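Start counting the sequence shown at 1; every next residue gets the next number (UniProt numbering).
Built from N, CA and C at the ideal position, the CB exists for glycine as well.
On a predicted model such as this, the values are computed, not experimentally measured, just so you know.
Reviewing the structure listed below.
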Amino acid sequence: MGLRSGIFKLARGTTAVGATSIGCFYLFTRKCQWHEINDASDSIMTSRFFNKYNPWHNPTLIDVCVRRVRLSDLPPELVSDMRQGGTKLIERFCGSVWGGFGFTPQRLLWAKLFRGLPGRSTQLWESADLLASDYEIGTIVTDHLEVIAKESTSILFRAGKSQGTAGESLRDHDSLLEVAIDPDFDAGVADLSIKTAMYQGAGKAATTTEKPMEKVQRLHMWYTELLMESALYYLRR
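And the structure:
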């Protein structure tokens with residue numbers, strides 16, 4: 001009876017902790033929204049990069065997490081720079097995504113696996129460097145994210161395999177990731193977004209219905225929400 005009672009108490013305690021953790025995560029990310037995407041006009045799906053890296057137009061899993069914030073909550077000098085067409089605010093947002101605590105576990109894992117390999121010394125690995133970078137084209141983050149396009153309101157990455165070895169080749173598992181800001185200066189708000197498109201780039205897919213990562217999309221969405229809220233913590237400082 002003692003063992004059974006102990007197991008029951010442990011299970012009950014574990015359930016309570018799990019429920020509390022889920023509740024806390026929901027409260028932390030409750031303001032994140034997921035918007036539908038129109039493939040015909042989407043910035044990634046209509047880009048030359050998507051056509052280049054997915055020449056077969058294989059099934060693509062694409063989603064976008066959006067978080068609306070007040071411009072008054074952001075550093076005024078960065079908002080002013082964006083009004084003038086500058087890139088400082090999108091650079092800070094991008095740096096906050098990769099330099100924030102949400103990305104830390106993955107950053108540390110990739111650092112352990114890849115940082116010591118040849119040719120990786122000029123890449124961004126440390127939180128301070130990620131927060132301070134201007135994310136010019138060619139910048140590589142932790143060996144798995146490379147900046148391939150940059151505008152005043154968005155930065156586009158090619159993500160997935162090691163950027164140090166994969167190069168421009170087509171890949172079995174490939175993705176494009178866009179970090180963007182859509183400001184409405186008249187309304188005093190801005191929509192921050194993290195958009196990801198995942199697809200098979202090499203060869204024609206065996207099926208036209210099943211999309212890459214579809215079975216674990218919910219986990220991907222939770223992770224993206226964590227990256228978004230983590231980024232806001234640093235962006236507002």
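Within 8 Å, strictly: CB atoms of residue i and residue j
i: GLU210; j: PRO59; result: yes
i: SER43; j: GLU178; result: yes
i: LEU71; j: PRO183; result: yes
i: ARG107; j: THR142; result: yes
i: HIS144; j: TRP98; result: no
i: TYR233; j: ASN54; result: no
i: ILE148; j: ILE140; result: no
i: LEU131; j: GLY102; result: no
i: ARG67; j: LEU192; result: yes
i: LEU156; j: PHE49; result: yes
i: THR196; j: ASP63; result: yes
i: CYS65; j: CYS32; result: yes
i: LEU74; j: LEU235; result: yes
i: LEU226; j: THR29; result: yes
i: ALA205; j: TRP56; result: yes
Under the three-state DSSP convention, the category residue i falls into
i: residue 238; result: No information on residue 238 is available, as it lies outside the stretch 1 to 237 that the chain covers here.
i: PRO76; result: helix
i: LYS88; result: helix
i: ALA180; result: strand
i: SER43; result: coil
i: GLY13; result: Per-residue confidence for GLY13 stands at a pLDDT of 48, beneath the threshold of 50, marking its modelled position as unreliable; no derived number is given.
i: MET213; result: coil
i: SER193; result: strand
i: TRP222; result: helix
i: LEU170; result: coil
i: ASP63; result: strand
i: ARG83; result: helix
i: TYR199; result: strand
i: ARG48; result: helix
i: CYS24; result: helix
Residue burial classification, residue i (beta-carbon count within 10 angstroms, cutoff 16)
i: LEU90; result: Here the sequence assigns Ile to residue 90, which means Leu is not the residue at that position. When all chains shown are included, ILE90 counts as buried.
i: SER121; result: exposed
i: GLN84; result: exposed
i: THR207; result: exposed
i: ASN38; result: exposed
i: VAL216; result: exposed
i: THR104; result: exposed
i: GLU151; result: exposed
i: LYS117; result: What sits at residue 117 in the sequence shown is Leu, not Lys. It counts as exposed.
i: SER154; result: buried
i: LEU124; result: buried
i: ARG92; result: buried
i: THR15; result: Confidence at THR15 is low in this model, with a pLDDT of 43, below 50, so its placement is unreliable and no value can be given for it.
i: ALA231; result: buried
i: PRO212; result: buried
i: ARG237; result: exposed
i: GLY167; result: exposed
i: ALA128; result: exposed
Worksheet item: Which residue spans inside the region 99-164 form an unbroken alpha helix (DSSP H) run of at least 4?
Response: 104-114, 127-132
Fill in: Contact the region 182-192 vs the region 212-224: 3+ CB pairs below 8 Å
no
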